[in-house]
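**Student:** So the sequence shown is numbered by the working numbering: it starts at 7 and just counts up by one.
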Amino acid sequence: MKYFPLRRRTGTAAFHTSRKAVDFGHQDLEKLSALDAVKFVAEAVWGSFTEMPCVHCGTIDAHYWSARELRWKCKCCGKRFSVTSGTVWADRKLPLTTILRIAFSWGNGASGVPALQLRRDWNVSYPTVFTLLQKLREGLTRGFSTGILCGTVEMDGMDINGRRYKEKRNKPQGGGKKVSPSIPAHLLKPSPDHVGPPLPPKWGKAARQHPDRRQMISVRQRGISKGMGASATKVSIAISESSHTVISVAERGISAESYLMTDEDPSYTSFARRFASHETINHSISFSREGEVSNNQAESFNARVRRGTEGIYLNVSNKYLTDYASEMAWREDTRKLSTGNRFKHLLQEALWVGMSWWWRGYTHGKHRQDELLVEGNQPAKARGRPKGWKPKPPK
Ligand SMILES: [Zn+2]
7 MKYFPLRRRT GTAAFHTSRK AVDFGHQDLE KLSALDAVKF VAEAVWGSFT
57 EMPCVHCGTI DAHYWSAREL RWKCKCCGKR FSVTSGTVWA DRKLPLTTIL
107 RIAFSWGNGA SGVPALQLRR DWNVSYPTVF TLLQKLREGL TRGFSTGILC
157 GTVEMDGMDI NGRRYKEKRN KPQGGGKKVS PSIPAHLLKP SPDHVGPPLP
207 PKWGKAARQH PDRRQMISVR QRGISKGMGA SATKVSIAIS ESSHTVISVA
257 ERGISAESYL MTDEDPSYTS FARRFASHET INHSISFSRE GEVSNNQAES
307 FNARVRRGTE GIYLNVSNKY LTDYASEMAW REDTRKLSTG NRFKHLLQEA
357 LWVGMSWWWR GYTHGKHRQD ELLVEGNQPA KARGRPKGWK PKPPK
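Here's what the structure looks like:
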């Protein structure tokens, strides 16, 4: 009898267990003095410790270095700057070495590391570690999750957040007897053998959706080497997976010469006119056709985002979904880099976008108001207690 492997081996496990996957660890970070940490970040971000652009005027030169202050003085404008000036980590309170350790721990997670865990590991306050991570996510959203994909590109949407708990609550898995409290009548689906006048449109998919439901639309470019997975990922969050939103995502992020592969969702029907070719795969029949046509890379990325948001971060708010999705895209695209290169890549991407737009002054109540959506940003729904809420006085 001949045995077939369940799936083709792509060398992922071999890579992660190999020596070249891990070339940098916490013991290397522990050895860094304050000066070494500055050198490390400068090399990662500017590629040099001696020549760099001045944060204030942009002049690239070998600026005057002060080993006492661990800062440079610009040769042109005379102002001083440190390695984190003008980046998302500007005005940091923690020492750079600690920030690097926390960021390294965070970057090493396969599908994310929660802020609470890092707080326990490194004994810093929750707001500190939370804003630190959110600033990294901002850097990835603004610096990494940009640009245009081309070649063979797969696209897929996934429902995220806004579950209709009322329908699911107290329902045993796999059917069975209903238990109290029963589901409110207005949320019940009509029976499939319904006779009589046509059902009102409120039973359509869009009408039944929870207002907090979002769609994550992911676009992935296949790598050149066959069987090695996708090489680049872009994500967007939308309210619905309508033709309007998928076209706007595709036109903003995919070059017109690309070969597109999607599932048979009707929203993708006009893609054949817009791109070099458009193939669809009918998931009710198979997951791939002729060994070529599939959007499995996009599907598997979506599954990983689900694992991250539901299994690690738990209860991600709609307001910051885009930020979390960009983080996942970065994790996915750098999966085959060694630990050291991945960490440098993180610093490069996150520290190149300038100052933080969304997290400066967060702990003083300055919050981003908007949810970043394909349809246009909209004010995010507030969570928690309303402003001015006070506990009821005891009777
Ligand atoms: Zn200057």
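We put the CB at the ideal spot given by N, CA and C, even for glycine. Being a predicted model, the structure only gives us computed values, none of them experimental.
What does DSSP give as the partner residue(s) for Q227 in the beta ladder?
**Tutor:** V159 and A238
**Student:** Say the cut is 8 Å; is the CB of H32 nearer than that to a heavy atom of ligand 1?
**Tutor:** no
**Student:** Taking its Cβ as the centre, do 16 or more other Cβ atoms sit within 10 Å of M234, making it buried, or is it exposed?
**Tutor:** exposed
**Student:** For ligand 1, which residues have a Cβ under 6 Å from at least one heavy atom, in chain order?
**Tutor:** This selection yields C60, H62, C63, T65, C80, C82, C83 and K85.
**Student:** How many whole angstroms separate the CB atoms of A43 and L106, which I take to be in contact at a CB cut-off of 8 Å?
**Tutor:** 6 Å
**Student:** Which of the three DSSP states is assigned to V94 in this structure?
**Tutor:** coil
**Student:** Distance, Cα to Cα, H430 vs M267?
**Tutor:** Residue 430 lies beyond the stretch modelled for the chain, which goes from 7 to 401, so this question has no answer here.
**Student:** If you drop the 5 nearest sequence neighbours on each side, which residues of the same chain put their C-beta closer than 6 Å to that of L357?
**Tutor:** V51 and T93
**Student:** When you compare only the Cα positions, how much space is there between M164 and T16?
**Tutor:** Pairing M164 with T16, the inter-Cα distance amounts to about 25 Å.
**Student:** Kindly indicate which residue of K342, H351 and W336 has the alpha-carbon position closest to the one of T18.
**Tutor:** K342
**Student:** With H, G and I counted as helix, E and B as strand and the rest as coil, what does DSSP make of I105?
**Tutor:** helix
**Student:** Could you tell me how far apart the beta carbons of L155 and G259 are, in whole angstroms, since I believe they sit closer than 8 Å?
**Tutor:** 6 Å
**Student:** Have a look at F150 and D339 and give me their C-alpha separation to the nearest angstrom.
**Tutor:** 10 Å
**Student:** Can you give me the C-alpha to C-alpha distance between T369 and P133, rounded to a whole angstrom?
**Tutor:** Between T369 and P133, the C-alpha separation is close to 7 Å.
**Student:** State the start and end residues of the unbroken beta strand (DSSP E) segment that holds E338.
**Tutor:** Judged by DSSP secondary structure, E338 falls outside any beta strand (DSSP E) and instead within the alpha helix (DSSP H) spanning L327 to D339.
**Student:** By the three-class DSSP mapping on this structure, what secondary structure does L357 have?
**Tutor:** coil
**Student:** So D269 and N301 are supposed to be a Cβ contact under 8 Å. How far apart are they, rounded?
**Tutor:** 6 Å
**Student:** On the DSSP bridge assignment, give the partners of Y78 in chain order.
**Tutor:** The sequence shown places Trp at residue 78, not Tyr. Its beta-bridge partners are W71 and F87.
**Student:** Below 7 Å CB to CB, which residues in the same chain sit around S362 once its five sequence neighbours on both sides are set aside?
**Tutor:** V94, K141 and E144
**Student:** Which residues in the same chain as H62 place their Cβ atom closer than 6 Å to its Cβ, once the five residues preceding and following it in sequence are excluded?
**Tutor:** C83 and K85
**Student:** Is the region 60-75 touching the region 104-124 in the sense that three or more CB pairs, one from each, lie closer than 8 Å?
**Tutor:** no
**Student:** Taking A262 as the reference, give the member of T275, V255 and A282 with the closest Cα.
**Tutor:** Of the listed residues, the one whose Cα sits closest to A262 is A282.
**Student:** From the DSSP output, read off the bridge partner residues of P400.
**Tutor:** BP columns for P400 are empty, so no partner.
**Student:** Quick test of your reading: F55 and T345, contact by CB under 8 Å. State the CB separation rounded to the nearest angstrom.
**Tutor:** Actually they are not in contact, since the Cβ atoms of F55 and T345 sit about 22 Å apart, beyond 8 Å.
**Student:** Does Y265 come out as helix, strand or coil in the three-state DSSP assignment?
**Tutor:** strand
**Student:** Have a look at A68, V89, S91 and P198 and flag the residue whose alpha-carbon is nearest the alpha-carbon of C80.
**Tutor:** A68
**Student:** Can you give me the start and stop residues for the alpha helix (DSSP H) that E36 sits inside?
**Tutor:** H32 to K37
**Student:** State the Cα-Cα distance for the pair E381 and P400, rounded to the nearest angstrom.
**Tutor:** E381 and P400 have their C-alpha atoms spaced approximately 46 Å apart.
**Student:** Between which two residues does the beta strand (DSSP E) harbouring Q287 extend?
**Tutor:** In the sequence as displayed, the identity of residue 287 is Ile instead of Gln. Start and end: S283 to I287.
**Student:** Using the beta-carbon count (16 or more within 10 Å), is N324 buried or exposed?
**Tutor:** By the neighbour-count rule (16 or more Cβ atoms within 10 Å), N324 is buried.
**Student:** Quick one: is I245 buried, meaning 16 or more other Cβ sit within 10 Å of its Cβ, or exposed?
**Tutor:** buried
**Student:** Given this structure, state the Cα-to-Cα distance separating D329 from G168, to the nearest angstrom.
**Tutor:** 17 Å
**Student:** Go through its chain and collect everything with a Cβ distance to R391's Cβ below 8 Å, but skip five positions before and after it.
**Tutor:** none
**Student:** Using the C-alpha atoms, what's the distance from L320 back to S332?
**Tutor:** 16 Å
**Student:** According to DSSP, is Q140 helix, strand or coil?
**Tutor:** In this structure, Q140 counts as helix in the three-state DSSP scheme.
**Student:** Nearest to M58 by alpha carbon, out of A278, S88, R312 and W364?
**Tutor:** S88
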